[in-house]
Amino acid sequence: MTAKEILKYLQAGERTALIKRADEVRKEHCGNKVILRGLIEFSNYCARNCLYCGLRRDNGSLRRYRMKPSEIIKASYGACEEGMKTLVLQSGDDFYYGVDDIRGIIKDIKKRFPDTAITLSVGERPDDEYKAFFNCGADRYLLRHETMNERLYKKLHPGQSLKERIRILEFLRKTGYQVGAGCVVGLPGQAIEDLRGDILFLQDFQPDMIGIGPFIPQSNTPLAESSIASVDFALKVIALARVVTKNSHMPATTALATLDEGCGHILGLNAGCNVIMVNFTPSKLKKDYAIYDNKVSVSLKRAEAAVLKSGREVTFERGDSLKR
Ligand code: 5AD
446 MTAKEILKYL QAGERTALIK RADEVRKEHC GNKVILRGLI EFSNYCARNC
496 LYCGLRRDNG SLRRYRMKPS EIIKASYGAC EEGMKTLVLQ SGDDFYYGVD
546 DIRGIIKDIK KRFPDTAITL SVGERPDDEY KAFFNCGADR YLLRHETMNE
596 RLYKKLHPGQ SLKERIRILE FLRKTGYQVG AGCVVGLPGQ AIEDLRGDIL
646 FLQDFQPDMI GIGPFIPQSN TPLAESSIAS VDFALKVIAL ARVVTKNSHM
696 PATTALATLD EGCGHILGLN AGCNVIMVNF TPSKLKKDYA IYDNKVSVSL
746 KRAEAAVLKS GREVTFERGD SLKR
């Protein structure tokens, strides 16, 4: 799509045709099955101070937790035993875990469940660590680009830069990972033109996976008083991402499900998404992974119900990249 076309869709009040088109593209390039992935949020410590995120360093009201490697492994086994063929291991940017800790976790899971894909989502780390994780069996890496507006990026992520973020995404790809990018829709200060930039980036980079969700304020952040993003607008951005990337794996995000508890997943699945992330974080810790307010915890049951309701079928396949 041209920049002009993208902007036209973003500005239009009408979105039915776009969503229908995204649904058709999804069907043609990804099929009808919805892939489930098991998510384990193993630490909510974070060295960054992103203005919109509840895990930010300066949030003193958050009860912090770190799972021990043995606990992470145990939770991973649990998810595998429930049928998950992808484990997403996610945390804040927490350098408490050294290369050897993370390598040990990956190796253990791979030994016990060799067919399981491991996706890391642990933020910005040194290049040699990304290589080390890959070399001992990590398959995929999620690192949202967050926003393609360089100035907004800088403002929302003190001490970080968009250029570095994109460099890392390119490095991860070069290293051999299946790579996930994506953005937040409706960030305070984000213009429609900025989202056009996000879509153009996704079109150009063609990530193997894309996570897009609406902004939801978190009460203990500087953006607590900002307004919630609109689900409909987020769906438009998701649909555009589907149309321009065709076969990227794209979850109906938990943020969508949080804003619309009954229908969020289904709306996402109807607008181009083909993945749902199921939460396997130990239940006593879940509520402390407070990226934004009222974040729902997606159970296997709930994910399956959403898929069924949308008239699609769940698959327990690995769901590797369709771009290779
Ligand atoms: N609203 C919506 N998404 C958020 N994220 C962080 N804070 C928020 C928020 N307040 C997203 C970021 C991050 C992902 C794990 O969660 O895009 O990459």
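Residues 446 to 769 (my numbering) make up the sequence shown, in order. Note that CB positions come from ideal geometry on N, CA and C, so glycine has one too.
- Non-local beta-carbon contacts of P727 in its own chain, meaning distances under 7 Å to residues more than five positions away in sequence, involve A520 in chain order.
- Closest option to D677, judged by alpha-carbon separation, among N739, I657 and Y497: I657.
- In this structure, the CA atom of G709 is about 16 Å from the CA atom of L745.
- Put simply, the stretch 570-583 touches the stretch 541-551. At least three CB pairs are less than 8 Å apart.
- The closest CA to that of P571, considering only H590, D538 and R585, is found on D538.
- For G483, no alpha helix (DSSP H) run applies; the uninterrupted beta strand (DSSP E) run containing it begins and ends at K478 to S488, by DSSP.
- Judged by DSSP secondary structure, Y598 falls outside any beta strand (DSSP E) and instead within the alpha helix (DSSP H) spanning E595 to L601.
- When the beta-carbon positions are compared, A716 and A684 come within less than 8 Å of each other.
- Fewer than three pairs of CB atoms, one per stretch, sit closer than 8 Å, so the stretch 558-567 makes no contact with the stretch 505-519.
- Exposed is the label assigned to A448, since fewer than 16 other Cβ atoms lie within 10 Å of its Cβ.
- A457: not part of any alpha helix (DSSP H); DSSP gives it neither H nor E.
- Runs of the beta strand (DSSP E) lying entirely within the stretch 608-665, each at least 3 residues long, are 623-626 in chain order.
- Judged by DSSP in its simplified three-state form, P559 adopts coil rather than helix or strand.
- No heavy atom of ligand 1 is found nearer than 7 Å to the CB of F650.
- Non-local C-beta neighbours of Y454 in its own chain, meaning closer than 7 Å and more than five positions away in sequence, comprise L463, K681 and L685, ordered along the chain.
- Under the three-state reduction of DSSP, P696 is assigned to strand.
- Restricting attention to D738, R687 and S671, the CA atom closest to the CA of A702 is found in D738.
- Under the three-state reduction of DSSP output, S566 falls in the strand class.
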